[in-house]
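Residue numbers (the working numbering): 48 to 176.
Where a beta carbon is used, it is the ideal one built from N, C-alpha and C, also for glycine.
Some notes on the structure that comes next.
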Ligand SMILES: Nc1ncnc2c1ncn2[C@@H]1O[C@H](COP(=O)(O)OP(=O)(O)OP(=O)(O)O)[C@@H](O)[C@H]1O
Ligand SMILES: [Mg+2]
C-alpha cells in the first residue's frame with residue numbers, strides 16, 4: 048500500500064494551467080519535497096493535496112482511499128495539513144496611525160523609526176519626541 052499518491056494532477060485557473068500532469072508517491076515517514084522556480088506550481092500542488100483547490104484532472108489517494116473530492120475539513124481530520132509561506136494572519140498597526148498615513152506599520156518598524164528620530168534629535172541637541 049502506498050501511503051500517499053498523486054496521480055496526473057492538473058488544475059487550470061482560467062487559461063493558465065498551473066499544474067499539469069503531476070504524479071508522485073510519498074511513503075510513510077519519508078521526507079518528500081517539491082522544488083521548482085517561482086510560479087512553477089509548488090504551492091498550488093499543496094493546495095490541491097490539502098483540498099483547498101479542486102483539481103481539473105487527476106486523483107489523490109491516501110492509504111488506498113480516494114480523497115480527490117473529500118472536503119478540506121475531512122482532509123484535516125485524517126491528518127493532512129499544510130502550513131503557509133506567510134503565516135502572519137493580522138498585520139499590526141500603530142493605534143494612532145491615520146488611515147491615510149501609508150501602509151500598516153509593524154511594531155519593529157515603529158520602534159526603529161522612533162529610535163532613528165531620537166538619534167537625529169540628540170545629534171541636533173534636541174530632546175527626543
Ligand atoms: N488562485 C489562483 N488564481 C489564478 N492563478 C493562480 C492561482 N494560484 C496560483 N496561480 C498561478 O499558478 C501558477 C503557479 O503558482 P504557484 O503559486 O503554485 O507557484 P509556486 O511554485 O508556489 O511559486 P513560488 O516559488 O513563487 O512560491 C502561477 O502562474 C500563479 O500565478
Ligand atoms: Mg509558492
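- Is residue 90 near ligand 2, with its Cβ less than 6 Å from a heavy atom? Yes, since a heavy atom of ligand 2 falls inside the 6 Å radius drawn around the Cβ of residue 90.
Taking the alpha helix (DSSP H) that residue 123 belongs to, which residues open and close that run?
Per DSSP, the continuous alpha helix (DSSP H) segment holding residue 123 begins and ends at 119-124.
Query - Minimum length 3: unbroken beta strand (DSSP E) runs contained in the region 49-74 - result: Counting only runs of 3 or more, we get 51-60, 63-73.
- Hey, is the region 60-75 in contact with the region 119-132, meaning 3+ C-beta pairs nearer than 8 Å? Short answer: they don't touch.
Would you grab the beta carbon distance between residue 115 and residue 121 for me? Rounded to a whole angstrom, and I think it's under 8 Å. That pair is no contact at about 12 Å.
ask   = Under the three-state reduction of DSSP, which class applies to residue 92: helix, strand or coil?
value = Residue state, collapsed to three classes: helix.
For a test of the three-state rule: what should DSSP assign to residue 106, helix, strand or coil? DSSP places residue 106 in strand when its eight states are reduced to three.
With 16 other CB atoms within 10 Å as the buried threshold, where does residue 27 fall?
The requested residue 27 is not part of the displayed model; the chain covers only 48 to 176.
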